[in-house]
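Engineer:
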Amino acid sequence: GDSVTQMEGPVTLSEEAFLTINCTYTATGYPSLFWYVQYPGEGLQLLLKATKADDKGSNKGFEATYRKETTSFHLEKGSVQVSDSAVYFCALSDHQGGSEKLVFGKGTKLTVNP
Amino acid sequence: SQTIHQWPATLVQPVGSPLSLECTVEGTSNPNLYWYRQAAGRGLQLLFYSVGIGQISSEVPQNLSASRPQDRQFILSSKKLLLSDSGFYLCAWKQNTEAFFGQGTRLTVV
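Residue numbers (our numbering), protein chains in the order written: chain A, 1 to 114; chain B, 1001 to 1110.
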C-alpha cells in the first residue's frame, strides 16, 4: 500500500540555519506530493505541493522537488526563522490507482531558536 | 470560498461515555471527507474517509464509527469511549489533489 516515510524529529536549529527534512514515499500509481505545516494547537495548513515528476513546489521560502527516480520529496529552506517552529508533515495523494486516500508521514517537529 | 467547520474545539469525556464530533464543509459539493487522529508523538492516523453520502471506508478497526448523512457533513462517533481514544481529531476535505483541514478537536478521555 501507499506510505510516506519522513525523518524522525525533533529537529532543533538556530535562526538563519539551513533546513532539510527528508521524505520518501511508496505508491502504486502516480501520486501528488505535499508538505503540510501544523503550528501549535492548530489544524494542518498546506505549505506546498507538486503533482508530477520534477515539479518544484515552493512557498514562504520553503522548497521541495518531486523526484520520481528516488521517490523523494525533501523539504528545504535556506534560512529558517523562529516563526517556522512547527510540525511538518509530508503526504501523498494517489488518485491514479482509484484510491482517494491521503496518506501522511509521522511528522517532524522543528524548533528554531533565536 | 470553501470553509470547513469542526466542533467542539475541546472535549473532556469520561470513559464509557458516547462521542459525537461533527464536521461540515461549505462552498463545495461532493468533496472527499476524512477523519484523522493525531496522538501524542504518533503523527496522523487516517481513521475514516468518505467519497459520497453514506459511503464510509474504515482504515483502522476500533470502537469508533463514522457517518455521512449529508453531502457536506461528516460525523465521528463512539458508543463507549476508551482512555486510548484521547487525542487530537482532525477533519479534512479534498477535491482534486489538495486537502483542507479543520481546526481540530482535542479529546481527553478521563
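For glycine and all other residues, C-beta sits at the position ideal for the given N, C-alpha and C.
Since we're looking at a predicted model, the values are computed, not measured.
Looking at the unbroken beta strand (DSSP E) that takes in TYR88 of chain A, where does it start and where does it end?
Structural biologist: Counted from its first residue, the first sequence places residue 88 of chain A at position 88. 86-93 is the extent of the beta strand (DSSP E) around TYR88 of chain A.
Engineer: Could you check which residue in B:SER1050, B:SER1029 and B:LEU1082 has the C-alpha nearest to that of CYS1091 of chain B?
Structural biologist: For this step, residue 1091 of chain B is matched to residue 91 along the second sequence. Minimum Cα distance to CYS1091 of chain B is reached at B:SER1050.
Engineer: Below 8 Å on C-beta distance, what does GLU42 of chain A contact in chain B?
Structural biologist: Counted from its first residue, the first sequence places residue 42 of chain A at position 42. The answer, in chain order, is GLN1103 and GLY1104.
Engineer: I want to know whether the stretch 78-93 of chain A touches the stretch 31-39 of chain A - three or more CB-CB distances under 8 Å.
Structural biologist: As far as the Cβ criterion goes, the stretch 78-93 of chain A touches the stretch 31-39 of chain A, which means the pair count is three or higher.
Engineer: Along chain B, in chain order, which residues have C-beta atoms closer than 7 Å to that of VAL37 of chain A?
Structural biologist: Taking the first residue of the first sequence as position 1, residue 37 of chain A is located at position 37. Under the 7 Å cutoff, chain B gives no residues; its nearest Cβ is about 11 Å from VAL37 of chain A.
Engineer: In terms of alpha-carbon separation, which member of B:SER1020, B:TYR1034, B:VAL1060 and B:VAL1110 lies closest to PHE1100 of chain B?
Structural biologist: The residue labelled residue 1100 of chain B in the question sits at position 100 within the second sequence. Nearest option by C-alpha distance: B:TYR1034.
Engineer: Taking C-beta to C-beta, are GLU15 of chain A and VAL80 of chain A nearer than 9 Å?
Structural biologist: Residue 15 of chain A sits at position 15 when you count from the first residue of the first sequence. Residue 80 of chain A sits at position 80 when you count from the first residue of the first sequence. Yes; because the gap between Cβ atoms is below 9 Å, this pair is in contact.
Engineer: Let me check understanding here. Comparing Cα to Cα, which of A:LYS109, A:ASN22 and A:VAL11 lies closest to THR115 of chain A?
Structural biologist: In the structure as shown, chain A starts at 1 and stops at 114, and residue 115 of chain A therefore has no counterpart that could be examined.
Engineer: Three-state secondary structure (DSSP) at LEU1083 of chain B?
Structural biologist: The residue you call residue 1083 of chain B lines up with position 83 of the second sequence. The answer is helix: DSSP assigns LEU1083 of chain B an H, G or I state.
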